[in-house]
Structures are given as C-alpha cells and as structure tokens.
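In the numbering used here, the protein residues as written are 340 to 631.
Note that beta-carbon positions come from the ideal geometry of N, C-alpha and C, so glycine has one too.
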Ligand SMILES: [Zn+2]
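If you want it as structure tokens, here you go:
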C-alpha cells in the first residue's frame, strides 16, 4: 500500500513530507481512463495534494483545484486526515504530442489559469466553518512548480517540491509515482537552504528511484542529503471516495417526486456516476418506487 511520511529537520525550521503514490495514481487512471499526459498531470496533482495535506487534523479536508484554459480544462483533488485522496479531471482524454524534451506535455494540456487551495475544518461532523481559500495564477503548468509557487506566495513558505509519474504504454500504465515537499519555516538557516537546493539539483529523477523500490523516507533522504531529519508520522494513503449507493439514492430522491416518476416511466430506473471517482450507480424500478 502507498505511504506518506512527514517530519522535520534543522531543529524544526524545515518541514519535510514525502509520498509513494503509485497505487493511488494507478487507481485514478483506471477509474477515469485518462490519456497518458492527463494521467501524469492528475497523478502529480493527487500526490502534491497528499503532501500539502500531510498534517491535516481529524475532520479536516484540503482541496486543490486547477482551472485552466488548456485541453484538460481543470483538475480537482481532495484529501482528508485519514490519507484518503480522490480526484478527477474535466477532460480525461485531452492529449498532446511530447514536448521538446520528449516528455509528457503537462504544461501544454494545463495552459494558463488559476491554482486554488481550499482548507476546510470540521466538515464531517457538521462543524462547518468558513473555508480558507488561497489562490495564485498558474506560473508553470508542470504542477510541482505551481505547488511551490502557491506555498511561497499564498502561505509565505519557501518550498521545494518534486513530483513525478512514470508511465508505460501497457497496463497497468502507471509504474511509479511519488513526491517530496520541503518547506522552509521562519528561521530556516540560509546555509541549510543552499545545501538542500544543491542536493535536489544533483539528485536522480524521483520516479527512477521509486521504480527501484524507494520508500518515502528514502525520498526525503534524496532531497536532504547529509542533513539529519526526524519522521514524525508515517501513514497509509489510498484513493478512496465517500460516495455510496445510499448517497446516490438520496441524491436522486432529492430531485423530487415528479422527477422520480418520470424516471420510472421513461427509463424504468436511473443511473448516476460519481464525478470524483467515476463509480456508476444503477437504481432499478424497485429502488425508485421506494422513494415515492
Ligand atoms: Zn465517488
């Protein structure tokens, strides 16, 4: 199962988080049947969202939303304190030829637009408070740089973010996925920052390291080099959605008696697909009759 760690280094002035998200991205790609370039983009957003939400408290929820004018149109990912993440893209089949470096043109399918982070607390127990919403323009479109820019501009936390998805052209398509986020808190030593920047610049590409079986802790080491660090928590993470047959029934019921009668008359049933996870719920005549 995929894992996420978070911890600290340099006397608490540096916060670190790392995740292996291969199974999560596999599941997202399987559910949404995304094109290769969209798979890379969605995988990076899911992983970045997990890293940004690594220290959420119970009942907290964090959502990252990209709204853009590129072919993918938009990407949404949402994570909770238990490490369940779900997400979708507006146009799963968007595709472009590889870029000049022969890589997936994630920047190309994203285009220009806005990057939003929404933090909500207490939503699951009805203690719904006003969500905190931060936003920045998309400055790169390669996703990792956009997370770093958001952290620097909106939360005043200079950060280094590495995100990677490795794909092959046959099932299970996704062979490796993961990421590292290093956040410099107030008081972080300039010297330490330089060492980290230097280490990251010289590090091998994270997907090749993950493909060779690296753990999240080893990803941290890849970014921090000789700097000591302490892992405060390790947790399992997965692609999971809170939709259910019961929820589908109650949503259809909420359309009202007339609408349900029309469904019975015309279709002898109803179908509903969850936007977040693409799960299809099929209600038969009996299910609809019970609502009347
Ligand atoms: Zn769902």
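- Annotation for residue 503: 545 and 546 place their beta carbon closer than 6 Å to its own, counting only its chain and skipping 5 residues before and after.
- Pairing residue 408 with residue 451 gives a Cβ-Cβ distance under 8 Å.
- Looking from the CA of residue 351, the closest CA among 410, 456, 371 and 521 belongs to 521.
- Separation of the CB atoms of residue 557 and residue 345 is rounded to 15 Å, and the pair is thereby denied contact status at 8 Å.
- Of the residues 383, 458, 606 and 448, the one whose Cα lies closest to the Cα of residue 397 is 458.
- Taking C-beta atoms under 8 Å as the contact rule, residue 516 and residue 376 fail to qualify, at a distance of about 14 Å.
- At least one heavy atom of ligand 1 is found less than 7 Å from the C-beta of residue 618.
- Cβ neighbours of residue 560 within its own chain (closer than 7 Å, five residues either side excluded): none.
- Restricting attention to 576, 419 and 405, the CA atom closest to the CA of residue 413 is found in 405.
- Comparing C-alpha distances from residue 420 to each of 430, 429 and 388 shows the shortest one belongs to 388.
- Residue 489 counts as buried, since no fewer than 16 other beta carbons sit within 10 angstroms of its beta carbon.
- Taking a 10 Å sphere around the C-beta of residue 624, we find fewer than 16 other C-beta atoms and assign the residue as exposed.
- For residue 395, the three-state secondary structure derived from DSSP is coil.
- Here residue 486 has 387 and 500 as same chain residues with Cβ atoms under 6 Å from its own Cβ, once five neighbours each way along the sequence are excluded.
- By the criterion of a C-beta distance shorter than 8 Å, residue 491 is surrounded in its chain by 497 and 498, once the five residues flanking it on both sides are discounted.
- Only residues of its own chain outside the window of five on either side were considered, and among them 627 have a CB closer than 6 Å to the CB of residue 603, listed in chain order.
- In this structure, the beta-carbon distance from residue 432 to residue 374 falls below 8 Å.
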